[in-house]
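Be aware that the sequence shown starts at 1, since it is given in the working numbering, and climbs by one per residue.
Glycine is no exception: its CB is placed at the ideal position from the N, C-alpha and C atoms.
Keep in mind that this is a model prediction, so the values were computed, not measured.
Taking it in order: structure first as structure tokens, then the write-up.
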Amino acid sequence: MSSEIRNVVIVGSGVMGSGIAQAVAIKGFNVTVVDLNEQLIQKARNYIEKILNRVGRRKFNDDQLKIEEFVRTSMTRVFVTTNLLEAVKDADLVIEAIVENLETKQKMFKSIDSVAKASTIFASNTSSIPISMIAKNSKRLDRFCGLHFFNPVAMMELLEVIRIPETSEATYQLVMAFGKKLGKTCVTCKDTPGFIVNRLLSPFINEALTMLEEDVATKEDIDAAMKLGAGHPMGPFELCDLVGLDVIHNARKFYHDQFPDIPFFAPSTIVDKMVKEGKLGVKSGEGFYNYK
Numbered sequence: 001m002s003s004e005i006r007n008v009v010i011v012g013s014g015v016m017g018s019g020i021a022q023a024v025a026i027k028g029f030n031v032t033v034v035d036l037n038e039q040l041i042q043k044a045r046n047y048i049e050k051i052l053n054r055v056g057r058r059k060f061n062d063d064q065l066k067i068e069e070f071v072r073t074s075m076t077r078v079f080v081t082t083n084l085l086e087a088v089k090d091a092d093l094v095i096e097a098i099v100e101n102l103e104t105k106q107k108m109f110k111s112i113d114s115v116a117k118a119s120t121i122f123a124s125n126t127s128s129i130p131i132s133m134i135a136k137n138s139k140r141l142d143r144f145c146g147l148h149f150f151n152p153v154a155m156m157e158l159l160e161v162i163r164i165p166e167t168s169e170a171t172y173q174l175v176m177a178f179g180k181k182l183g184k185t186c187v188t189c190k191d192t193p194g195f196i197v198n199r200l201l202s203p204f205i206n207e208a209l210t211m212l213e214e215d216v217a218t219k220e221d222i223d224a225a226m227k228l229g230a231g232h233p234m235g236p237f238e239l240c241d242l243v244g245l246d247v248i249h250n251a252r253k254f255y256h257d258q259f260p261d262i263p264f265f266a267p268s269t270i271v272d273k274m275v276k277e278g279k280l281g282v283k284s285g286e287g288f289y290n291y292k
């Protein structure tokens, strides 16, 4: 196994995939973002550059020359492609950040298992699906783990590192060192649905939705109460909008299928309705709140 990670491939160019890519590029790693078509990967490249400009403004206090040099240098390490098999050939680490669907994730990893180097580490950025289920058909269980970043990646300091029973100590140490090089605080978790943060957030969000359905309080008052009374940076409905109602919907559906007897994993009528209407939160311009 390689003693260090240099070349990183991100599969999936959405908000999370692009966010991870900029965080990786800033710290001197080469990063290749892969998605299905040219339009998606060019959109991702533009989004990464936009995030880098924001980071540069904070970092250099609006010194335009330093910002431009920072963005230019970082972008020399960012590559985009639609050719997944070609991209993973030289990868030291592949991070999956595609749709939250078990079969889709399994199929993606299976397609690259025999193409990637023997030393390449596979990681999923899933927020809810157990890593052991995603890795089920992989031939490199000792080099498989979860790396769960949080949105927005540039701002959020936490990285959950999830070990399955087969994850080797060498793999674990490499990804922990990688996370720390990105400037993240790394916490370790055994393979459990939702890991640490989302396992705790599931009942919290569920109860907020139940209170709204029962007309106990408005979404605005519930959010204000949790921010001012519990010291949360945002309320549960603001959080749902930021994460994405589609992500919340898919996670709850997965949890409910796996654990039908646990009430706070049950589907939400409100969330299901909003997803059908295309109200996905910040990403679509409207969710519990309007962002247009």
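Inset, instruction - Assuming Ser74 and Ile41 form a contact by the criterion Cβ under 8 Å, report the distance between their Cβ atoms to the nearest whole angstrom. - result: Taking the first residue of the sequence shown as position 1, residue 74 is located at position 74. Taking the first residue of the sequence shown as position 1, residue 41 is located at position 41. The pair is not a contact, with the Cβ atoms about 17 Å apart (cut-off 8 Å).
Inset, instruction - Mind checking which residues open and close the alpha helix (DSSP H) that includes Thr104? - result: As a position in the sequence shown, residue 104 is number 104, starting the count at 1. Taken as a continuous stretch (DSSP letters only), the alpha helix (DSSP H) holding Thr104 covers 102-112.
Inset, instruction - Just list the beta strand (DSSP E) runs in the segment 142-223, keeping only unbroken ones of 3 residues or longer that don't cross its boundaries, in chain order. - result: 144-149, 158-163, 185-190
Inset, instruction - Under 8 Å by Cβ, that's how I've got Leu245 and Met274 pegged, so tell me the actual separation to the nearest angstrom. - result: Taking the sequence shown and counting its residues from 1, the one referred to as residue 245 is at position 245. Taking the sequence shown and counting its residues from 1, the one referred to as residue 274 is at position 274. Right, the Cβ-Cβ distance comes to about 5 Å (below 8 Å), so this counts as a contact.
Inset, instruction - Evaluate contact between the segment 94-114 and the segment 159-178, counting only Cβ atoms and requiring at least three cross-stretch pairs below 8 Å. - result: no
Inset, instruction - Report yes if the C-beta distance between Asp90 and Asn7 is below 8 Å; otherwise report no. - result: As a working mapping, residue 90 is identified with position 90 in the sequence shown. As a working mapping, residue 7 is identified with position 7 in the sequence shown. Yes; because the gap between Cβ atoms is below 8 Å, this pair is in contact.
Inset, instruction - Rounded to whole angstroms, what's the CA-CA distance from Phe294 to Ala118? Just pull it up for me. - result: For the chain, the structure presents residues 1 to 292; residue 294 sits outside this window and is missing.
Inset, instruction - Compute the beta-carbon to beta-carbon distance between Phe195 and Ile162, rounded to the nearest angstrom, for a pair I have assumed lies under 8 Å. - result: Along the sequence shown, read from residue 1 onward, the residue named residue 195 stands at position 195. Along the sequence shown, read from residue 1 onward, the residue named residue 162 stands at position 162. So it is a contact: roughly 6 Å between Cβ atoms.
Inset, instruction - Starting from Asn250, follow the alpha helix (DSSP H) in both directions and report where the run begins and ends. - result: Position 250 of the sequence shown, counted from the start, is the residue given in the question as residue 250. Residues 245-258.
Legend entry - Exposure of Thr32, with buried meaning 16 or more beta-carbon neighbours within 10 Å: Numbered from its first residue, the sequence shown carries residue 32 at position 32. Label assigned to Thr32: buried.
Legend entry - Residue(s) in a DSSP beta bridge with Ile121: Position 121 of the sequence shown, counted from the start, is the residue given in the question as residue 121. Ile121 is bridged to Leu93.
Legend entry - beta strand (DSSP E) segment containing Asn30, residue limits: As a working note, residue 30 is residue 30 in the sequence shown. Note, Asn30: beta strand (DSSP E), 30-34.
Legend entry - Ile131 (DSSP reduced to helix, strand or coil): Position 131 of the sequence shown holds residue 131. Here Ile131 sits in helix by DSSP.
Inset, instruction - Measure the CB-CB distance between Cys240 and Gly281 and report whether it falls below 8 Å. - result: Stepping through the sequence shown from its first residue, residue 240 is reached at position 240. Stepping through the sequence shown from its first residue, residue 281 is reached at position 281. Yes, they are a contact pair.
Inset, instruction - Let me know if Arg252 comes out buried or exposed under the rule of 16 or more other beta-carbons within 10 Å of its beta-carbon. - result: Residue 252 sits at position 252 when you count from the first residue of the sequence shown. Under this definition Arg252 is a buried residue.
Inset, instruction - Please name the residue or residues paired with Phe264 in a DSSP beta bridge. - result: Your numbering for residue 264 matches position 264 in the sequence shown. Answer by DSSP bridge pairing: none, since Phe264 is not bridged.
Inset, instruction - Tell me whether Ile10 sits in a helix, a strand or coil according to DSSP, three-state version. - result: Numbered from 1 along the sequence shown, position 10 holds the residue referred to as residue 10. DSSP places Ile10 in strand when its eight states are reduced to three.
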